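Undergrad: Encoded as structure tokens, here's the structure I'll be asking about.
Number of protein chains: 2
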Amino acid sequence: MKNDKKLVQDITSMDVDFAKWYTDICKKADLIDYSSVKGCMIIRPYGYAIWENIQKILDTRFKELGHENVYMPLFIPESLLQKEKDHVEGFAPEVAWVTHGGSEELPERLCVRPTSETLFCEHYANIIRSWRDLPKLYNQWCSVVRWEKTTRPFLRSREFLWQEGHTMHATEEEARAETVQMLNVYADFHEKDLAIPVIKGAKTPSDKFAGAEDTYCIEAMMHDGKALQAGTSHYFGDGFARAFDIQYADQTNQLRYPHQTSWGVTTRMIGGIIMTHGDDNGLVLPPAVAPIQVVVVPAAMHKEGVLEANRALTDRIRAAGYRVKLDDTDNSPGWKFAEYEMKGVPVRVELGPRDIEAGQCVLVTRYNMEKTVVKLDEIEAVLAEKMTEIRDGMYQKALENRERRTFDCASLDEIKETLAEHGDSFIRAMWCGEEECEDKVKELTGVGSRCIPFEQKHISDVCVCCGKPAKHMVYWGIAY
Amino acid sequence: MKNDKKLVQDITSMDVDFAKWYTDICKKADLIDYSSVKGCMIIRPYGYAIWENIQKILDTRFKELGHENVYMPLFIPESLLQKEKDHVEGFAPEVAWVTHGGSEELPERLCVRPTSETLFCEHYANIIRSWRDLPKLYNQWCSVVRWEKTTRPFLRSREFLWQEGHTMHATEEEARAETVQMLNVYADFHEKDLAIPVIKGAKTPSDKFAGAEDTYCIEAMMHDGKALQAGTSHYFGDGFARAFDIQYADQTNQLRYPHQTSWGVTTRMIGGIIMTHGDDNGLVLPPAVAPIQVVVVPAAMHKEGVLEANRALTDRIRAAGYRVKLDDTDNSPGWKFAEYEMKGVPVRVELGPRDIEAGQCVLVTRYNMEKTVVKLDEIEAVLAEKMTEIRDGMYQKALENRERRTFDCASLDEIKETLAEHGDSFIRAMWCGEEECEDKVKELTGVGSRCIPFEQKHISDVCVCCGKPAKHMVYWGIAY
Numbered sequence: 054m055k056n057d058k059k060l061v062q063d064i065t066s067m068d069v070d071f072a073k074w075y076t077d078i079c080k081k082a083d084l085i086d087y088s089s090v091k092g093c094m095i096i097r098p099y100g101y102a103i104w105e106n107i108q109k110i111l112d113t114r115f116k117e118l119g120h121e122n123v124y125m126p127l128f129i130p131e132s133l134l135q136k137e138k139d140h141v142e143g144f145a146p147e148v149a150w151v152t153h154g155g156s157e158e159l160p161e162r163l164c165v166r167p168t169s170e171t172l173f174c175e176h177y178a179n180i181i182r183s184w185r186d187l188p189k190l191y192n193q194w195c196s197v198v199r200w201e202k203t204t205r206p207f208l209r210s211r212e213f214l215w216q217e218g219h220t221m222h223a224t225e226e227e228a229r230a231e232t233v234q235m236l237n238v239y240a241d242f243h244e245k246d247l248a249i250p251v252i253k254g255a256k257t258p259s260d261k262f263a264g265a266e267d268t269y270c271i272e273a274m275m276h277d278g279k280a281l282q283a284g285t286s287h288y289f290g291d292g293f294a295r296a297f298d299i300q301y302a303d304q305t306n307q308l309r310y311p312h313q314t315s316w317g318v319t320t321r322m323i324g325g326i327i328m329t330h331g332d333d334n335g336l337v338l339p340p341a342v343a344p345i346q347v348v349v350v351p352a353a354m355h356k357e358g359v360l361e362a363n364r365a366l367t368d369r370i371r372a373a374g375y376r377v378k379l380d381d382t383d384n385s386p387g388w389k390f391a392e393y394e395m396k397g398v399p400v401r402v403e404l405g406p407r408d409i410e411a412g413q414c415v416l417v418t419r420y421n422m423e424k425t426v427v428k429l430d431e432i433e434a435v436l437a438e439k440m441t442e443i444r445d446g447m448y449q450k451a452l453e454n455r456e457r458r459t460f461d462c463a464s465l466d467e468i469k470e471t472l473a474e475h476g477d478s479f480i481r482a483m484w485c486g487e488e489e490c491e492d493k494v495k496e497l498t499g500v501g502s503r504c505i506p507f508e509q510k511h512i513s514d515v516c517v518c519c520g521k522p523a524k525h526m527v528y529w530g531i532a533y
Numbered sequence: 054m055k056n057d058k059k060l061v062q063d064i065t066s067m068d069v070d071f072a073k074w075y076t077d078i079c080k081k082a083d084l085i086d087y088s089s090v091k092g093c094m095i096i097r098p099y100g101y102a103i104w105e106n107i108q109k110i111l112d113t114r115f116k117e118l119g120h121e122n123v124y125m126p127l128f129i130p131e132s133l134l135q136k137e138k139d140h141v142e143g144f145a146p147e148v149a150w151v152t153h154g155g156s157e158e159l160p161e162r163l164c165v166r167p168t169s170e171t172l173f174c175e176h177y178a179n180i181i182r183s184w185r186d187l188p189k190l191y192n193q194w195c196s197v198v199r200w201e202k203t204t205r206p207f208l209r210s211r212e213f214l215w216q217e218g219h220t221m222h223a224t225e226e227e228a229r230a231e232t233v234q235m236l237n238v239y240a241d242f243h244e245k246d247l248a249i250p251v252i253k254g255a256k257t258p259s260d261k262f263a264g265a266e267d268t269y270c271i272e273a274m275m276h277d278g279k280a281l282q283a284g285t286s287h288y289f290g291d292g293f294a295r296a297f298d299i300q301y302a303d304q305t306n307q308l309r310y311p312h313q314t315s316w317g318v319t320t321r322m323i324g325g326i327i328m329t330h331g332d333d334n335g336l337v338l339p340p341a342v343a344p345i346q347v348v349v350v351p352a353a354m355h356k357e358g359v360l361e362a363n364r365a366l367t368d369r370i371r372a373a374g375y376r377v378k379l380d381d382t383d384n385s386p387g388w389k390f391a392e393y394e395m396k397g398v399p400v401r402v403e404l405g406p407r408d409i410e411a412g413q414c415v416l417v418t419r420y421n422m423e424k425t426v427v428k429l430d431e432i433e434a435v436l437a438e439k440m441t442e443i444r445d446g447m448y449q450k451a452l453e454n455r456e457r458r459t460f461d462c463a464s465l466d467e468i469k470e471t472l473a474e475h476g477d478s479f480i481r482a483m484w485c486g487e488e489e490c491e492d493k494v495k496e497l498t499g500v501g502s503r504c505i506p507f508e509q510k511h512i513s514d515v516c517v518c519c520g521k522p523a524k525h526m527v528y529w530g531i532a533y
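Protein chains in written order, with this note's numbering: chain X, 54 to 533; chain C, 54 to 533.
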């Protein structure tokens, strides 16, 4: 039984319904499945393999910078969550509560961790005594739970996978340097490995993490012009240290409060990859995290010598260090093409009897569907070049989309007109720093503040909303 | 400020109080910490690094055998847990229940997964259609929760980390082969990598996993003569498939129920390592999973050239592929010796001015404290030999302990006398197969059935309890 090519290609066009296109890819590329657990998702092998590749790259970078992995409990007692006032106010409305163990009611409710600052702080209070114990650079890979009302695969689900770094430092300076360093790790990973251009900046005060002094973020633009917050890094000052009574003796034996950071990225990044690079034929994966980097598809597979030649080529590609798969199933080449396009495999290699005779193969790069005829004995060198080209090309395409959809505006009317003409976009406009104006911009134009970029641009002297002197240039947009 | 050697060595002797010795090591070797979350533990960097090494080795083996990783939701709706009758009866009394999301009461309680058979089955019902979809070989690394009354670090805690493999096969034969294959992977890992000898066998019917047709296990003997169940592998038949309506069309287009397995090992293995290999100076780690395999300790560190020579040696050892640490802190060599003995580092290398002059270093193997003088230019070759020697020596030591404490008994009186004379031991004795006798042996002698070993030995013709014809030889012991 040969499968039909149309069968796998049958997804909604992104121009018709972007949201439907997105969930179609999640399902048809075998990334996720739904279950009877409302708001949670099953991450299927192909989706999870992307996450494993992300983990490997980031975990290596974290460790190179001196971070160590730990594991904290899944639960937080209600009284512990309440120790830092801003923090509990931010999270209490959206946590899942465990009230019973077996048939017994618990003496105190436990929430399923929405984030673990409180647990890390309790532990730090136990183990930090002296300046010799600092810095503490801990990270944890785990799942967290936030009881969201509306959910979407990868982008917003009641449970998601992430890493949360939690560090303690002797001085504010050191802690602030860590906060920025980890934001840079995230930005670098997005740009170099995921081929997603990002804007680095600070959240406005109203948008900071619950309990943080400063929240930095990276913001990416999706294909539809909307913004995705792709990673955050927080500087906490010594607020939690005071609430949890964490003190260290400095070199002169004086007791001091350490300074704290936390930073995290989540499975949401997979959503970012889909919405940055995907197209109407499916997923497009950056080589660094693709579970299969090269798929080898034989043509006229049952002719003598063809399968053997394809196997030999696959072995060579594997030996060169690539994640490669030979598809020697009975499905037609056309069906296979569609299948691996849907799955976003960066490179397809086709090898048939005539190619073998000519000592060549055909190489197709997924992101631009460009065909190259390659001499068989040059395959390793060409693949190495192509992988760099693919990453660069994908990055450039995404950057062009963002630049085409980024506009400088000096008035609310200009913002409204720009959005009416160009659809969802990034708006760069000046802001006075008042929450009232921030809210008003959103209310009147629809775009909210995404971040105060580190790289500022002078657009005008005055706030786009109230006309008073401007403090910052802000990126505004519609967020996922 | 130099630390005192006694400070780190101060743990209870195992002969005085084995349980206290165990928890002392957990704390003093920096493996765990407690938190305000009762019954849960914090796995600290040194403990978590052991787990990461375990994961790496096992995950590679699972994948070589064709398994793929997935991620299932943390929660199971009550109605889903109830679909398989035996399963819910086994687990419902010990699950944690989530009843509220934020301030709202949930329409249906969710339990925090104690194991994920039900979630996997629900998913398999969605994705298995034809014989072409089989086998499905899925695995997941995650944490699970069981509301235990009494808890001990690694051995029994309300939350623990594990992997759970869940597979579906077209035939009983294939599923049974998978069950045994994975038990063998666990046994092999314990014996070769953890240097822990294990007995492979089947659980008696009363001790099977909730819902399983057969449960296989590996049982290890701890230093104190007690038994640790170190890994289990279950064959389910098609019971869950029927309960969850999972059917596939075979090659003749007939609908059939697939056959299922599950298998798991947990952070409990770290407890097994401690109690198999540890001594009164602390932890003793097998090289395969030790976070630090070699520690380099300079002698007379501040003399000219010593630190440089130690650094060069450390680099050589690292280049040879070992996880190595140079301790160049101001602590005294004596303090360092005690510290890394407590942490169970397999090999210590000492290098001082006289060694440098003689072109040699001193190598001390933790498990037997044997000293070897090694020529510096032979360090790589000697380390390679030593690592094998250490694993073999640790295995042999553990095996001798088990053999010394294993006795064949032909009557209940003989069991009682043996235990009275030798303390906690493994008893090999015949059994008729009746649960009544199994219970009676435990009640009258204190030892419960651990497993029916694959490798049977004929001790007598009749059941040790009732005197009727015997069906199996059983290992009896006191379990952790």
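We treat Cβ as the ideally placed atom computed from N, Cα and C, and that holds for glycine.
All values reported here derive from a predicted model rather than from experimental measurement.
Which of the three DSSP states, helix, strand or coil, is assigned to C/V251?
TA: To locate residue 251 of chain C, count along the second sequence from 1; it is residue 198. Note: C/V251 maps to coil in three-state DSSP.
Undergrad: Is the stretch 296–314 of chain C close to the stretch 221–235 of chain C, with three or more CB pairs under 8 Å?
TA: These segments touch.
Undergrad: Alpha carbons only, please: which of X/K261, X/E272, X/A145, X/H475 is nearest the one belonging to X/F289?
TA: For the purposes of this step, residue 289 of chain X is taken as residue 236 along the first sequence, with counting starting at 1. Measuring from the Cα of X/F289, the nearest candidate turns out to be X/K261.
Undergrad: Figure out for me which residue from X/C490, X/D332, X/V517 has the closest Cα to the Cα of X/D461.
TA: Locating residue 461 of chain X in the first sequence gives position 408, where the first residue counts as 1. Comparing Cα positions, the closest option is X/V517.
Undergrad: Measuring CA to CA, which of X/D408, X/G446, X/G405, X/A434 is closest to X/E423?
TA: Translated into positions along the first sequence, residue 423 of chain X becomes position 370. Of X/D408, X/G446, X/G405, X/A434, the residue nearest in Cα terms is X/G446.
Undergrad: Does X/W150 come out as helix, strand or coil in the three-state DSSP assignment?
TA: Sequence index remark: in the first sequence, residue 150 of chain X carries index 97 (1-based). It is a strand residue.
Undergrad: Going by the beta-carbon positions, is the gap between C/F297 and C/G264 smaller than 8 Å?
TA: Residue numbering aside, residue 297 of chain C sits at position 244 when the second sequence is read from its first letter. Residue numbering aside, residue 264 of chain C sits at position 211 when the second sequence is read from its first letter. No; because the gap between Cβ atoms is not below 8 Å, this pair is not in contact.
Undergrad: Would you say X/D70 faces chain C, with C-beta separation under 8 Å as the test?
TA: If you number the first sequence from 1, residue 70 of chain X lands on position 17. Output row for X/D70: interface = no.
Undergrad: Based on Cα-Cα distance, which residue from C/A463, C/I103, C/N334 lies nearest to C/W388?
TA: Locating residue 388 of chain C in the second sequence gives position 335, where the first residue counts as 1. Looking at the Cα atoms, C/N334 is the closest of the given residues.
Undergrad: Taking a contact to mean a Cβ-Cβ separation below 8 Å, would you say X/I96 touches X/I110 in this structure?
TA: On the first sequence, position 43 is the one that residue 96 of chain X refers to. On the first sequence, position 57 is the one that residue 110 of chain X refers to. No, these two residues do not count as a Cβ contact at 8 Å.
Undergrad: Can you tell me the Cβ-Cβ gap for X/L236 and X/S196, rounded? I've got them flagged as a contact below 8 Å.
TA: Looking up residue 236 of chain X in the first sequence gives position 183. Looking up residue 196 of chain X in the first sequence gives position 143. With 8 Å as the limit, X/L236 and X/S196 do not qualify as a contact, their Cβ atoms being about 23 Å apart.
Undergrad: Do C/L416 and C/A373 count as a contact pair if the criterion is CB distance below 8 Å?
TA: Counted from its first residue, the second sequence places residue 373 of chain C at position 320. Counted from its first residue, the second sequence places residue 416 of chain C at position 363. Going by C-beta atoms, C/A373 is not nearer than 8 Å to C/L416.
Undergrad: Would X/E272 pass as a contact of X/R503 if the rule is Cβ separation under 8 Å?
TA: As a position in the first sequence, residue 272 of chain X is number 219, starting the count at 1. As a position in the first sequence, residue 503 of chain X is number 450, starting the count at 1. Yes, Cβ-Cβ distance for X/E272 and X/R503 is below 8 Å.
Undergrad: For the stretch 135–152 of chain C, which residues have a beta carbon sitting closer than 7 Å to at least one beta carbon of chain X?
TA: Correct list: P146, E147, V148, A149, W150, V151, T152.
Undergrad: List the residues that DSSP assigns as beta-bridge partners of C/P506.
TA: Sequence index remark: in the second sequence, residue 506 of chain C carries index 453 (1-based). C/P506 is bridged to C/G254.
Undergrad: Roughly how many whole angstroms lie between the Cα atoms of C/V151 and C/V318?
TA: One-based indexing of the second sequence puts residue 151 of chain C at position 98. One-based indexing of the second sequence puts residue 318 of chain C at position 265. Distance between the alpha carbons of C/V151 and C/V318: 26 Å.
Undergrad: For the beta strand (DSSP E) containing X/V198, list its first residue and its last residue.
TA: Within the first sequence, numbered from 1, the residue matching residue 198 of chain X stands at position 145. That run of the beta strand (DSSP E) goes 189–198.
Undergrad: If you compare alpha carbons, which of C/R185, C/M125, C/T257 is closest to C/N192?
TA: Within the second sequence, numbered from 1, the residue matching residue 192 of chain C stands at position 139. For C/N192, the nearest C-alpha among the options comes from C/M125.
Undergrad: So what's X/F173 in DSSP terms, helix, strand or just coil?
TA: The residue labelled residue 173 of chain X in the question sits at position 120 within the first sequence. Helix, per DSSP.
Undergrad: Which same chain residues, not among the five before or five after C/F173, have their C-beta less than 7 Å away from its C-beta?
TA: Translated into the one-based positions of the second sequence, residue 173 of chain C becomes position 120. Hits under 7 Å: M125, Y191, H219.
Undergrad: Which one or two residues does DSSP pair with X/Q216 in a beta bridge?
TA: If you number the first sequence from 1, residue 216 of chain X lands on position 163. DSSP output for X/Q216 lists X/W194, X/V318 as bridge partner(s).
Undergrad: How about X/A463 and X/I505: are their beta carbons less than 8 Å apart?
TA: The residue you call residue 463 of chain X lines up with position 410 of the first sequence. The residue you call residue 505 of chain X lines up with position 452 of the first sequence. No; because the gap between Cβ atoms is not below 8 Å, this pair is not in contact.
Undergrad: Taking only beta-carbon atoms, is X/N106 less than 8 Å away from chain C?
TA: Position 53 of the first sequence, counted from the start, is the residue given in the question as residue 106 of chain X. By this cut-off, X/N106 is not an interface position.
Undergrad: Considering only residues of the stretch 345–375 of chain X, which uninterrupted alpha helix (DSSP H) runs meet the minimum length of 4 residues and lie entirely inside it, listed in chain order?
TA: Correct list: 359–372.
Undergrad: Roughly how many angstroms separate the alpha carbons of C/E491 and C/I370, rounded to a whole number?
TA: As a position in the second sequence, residue 491 of chain C is number 438, starting the count at 1. As a position in the second sequence, residue 370 of chain C is number 317, starting the count at 1. C/E491 and C/I370: Cα-Cα distance of roughly 53 Å.
Undergrad: So who's on the other strand from X/V377, going by DSSP bridges?
TA: Sequence index remark: in the first sequence, residue 377 of chain X carries index 324 (1-based). DSSP output for X/V377 lists X/V347 as bridge partner(s).
Undergrad: Tell me the DSSP secondary structure of X/P130 in three-state form.
TA: What you label residue 130 of chain X is simply residue 77 of the first sequence in a count that begins at 1. It is a strand residue.
Undergrad: Relative to the C-alpha of X/I10, which residue among X/L497, X/F390, X/P399 is closest?
TA: There is no way to answer for residue 10 of chain X, as the model of chain X reaches only from 54 to 533.
Undergrad: If you measure beta-carbon to beta-carbon, which residues of the stretch 115–132 of chain X are closer than 9 Å to chain C?
TA: Taking 9 Å as the Cβ-Cβ cut-off against chain C, the residues of the stretch 115–132 of chain X that qualify are E121, N122, V123, Y124, M125, P126, L127, F128, I129, P130, S132.
Undergrad: Return the first residue and the last residue of the alpha helix (DSSP H) that X/Q108 is part of.
TA: Your numbering for residue 108 of chain X matches position 55 in the first sequence. Taken as a continuous stretch (DSSP letters only), the alpha helix (DSSP H) holding X/Q108 covers 98–117.
Undergrad: For C/Q449, is the classification buried or exposed, using 16 other Cβ atoms within 10 angstroms of its Cβ as the cut-off for buried?
TA: By one-based count along the second sequence, residue 449 of chain C stands at place 396. The residue is exposed, with fewer than 16 neighbouring Cβ atoms inside 10 Å.
Undergrad: Using Cβ-Cβ distances below 8 Å, what residues of the stretch 167–189 of chain X are close to chain C?
TA: Listed by position, the residues of the stretch 167–189 of chain X near chain C (Cβ gap below 8 Å) are L172, E175, H176, N179, I180.
Undergrad: Since X/L134 and X/V141 should fall inside the 8 Å C-beta cutoff, what is the C-beta to C-beta distance between them, to a whole number of angstroms?
TA: Numbered from 1 along the first sequence, position 81 holds the residue referred to as residue 134 of chain X. Numbered from 1 along the first sequence, position 88 holds the residue referred to as residue 141 of chain X. At roughly 5 Å, the Cβ-Cβ gap stays under 8 Å, so X/L134 and X/V141 are in contact.
Undergrad: Taking 8 Å as the threshold (beta carbon to beta carbon), is C/L84 in contact with chain X?
TA: Locating residue 84 of chain C in the second sequence gives position 31, where the first residue counts as 1. Answer no: the Cβ-Cβ gap between C/L84 and chain X never drops below 8 Å.
Undergrad: Given this structure, state the Cα-to-Cα distance separating C/A302 from X/M395, to the nearest angstrom.
TA: What you label residue 302 of chain C is simply residue 249 of the second sequence in a count that begins at 1. What you label residue 395 of chain X is simply residue 342 of the first sequence in a count that begins at 1. When rounded, the distance between both Cα atoms is 26 Å.
Undergrad: May I have a chain-ordered list of the beta strand (DSSP E) segments no shorter than 3 residues that lie completely inside the stretch 67–101 of chain C?
TA: Fully enclosed beta strand (DSSP E) runs of 3 or longer: 85–87, 94–96.
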